[in-house]
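A short write-up of the structure that comes next.
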């Protein structure tokens, strides 16, 4: 249990550092800016967004996947600030900013490199 908690904290800290570095890059690329972000333990999603408040949440579990997967989730959530649903406009925008999003989504359906 202690080892699991230490590993969880390590991944959370590493993910925090990556988001801190990468989010401003994606905000500049998309021209979309979030009001704030959090890392959360999520069972069924890689990220979530509240367009009304501009807040995004990123799943802690992303720390065990390639950083490109984090990039795709960040881009995905930023696009939701402009288009809340997963309609054709949303997918067209995401394709513009992250052309390989479908392949990265498929990667997220496979087990991570390291289990949490």
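In the numbering used here, the protein residues as written are 857 to 972.
We put the beta carbon where it would ideally sit given N, CA and C, even for glycine.
Residue 892 counts as exposed, since fewer than 16 other beta carbons sit within 10 angstroms of its beta carbon. Excluding five sequence positions before and after residue 919, the CB atoms of its chain that fall closer than 6 Å to its own CB belong to 867, 870, 871, given in chain order. Between residue 934 and residue 882 a beta carbon distance of about 6 Å is seen, short of the 8 Å cut, so the two are scored as contacting. For the pair residue 888 and residue 960, the CB atoms are not nearer than the 8 Å cut-off.
The continuous beta strand (DSSP E) containing residue 893 extends over residues 892-896. Only exposed fits residue 909, as fewer than 16 other CB atoms lie within 10 angstroms of its CB. Restricting attention to 865, 874, 949, 928, the CA atom closest to the CA of residue 956 is found in 928.
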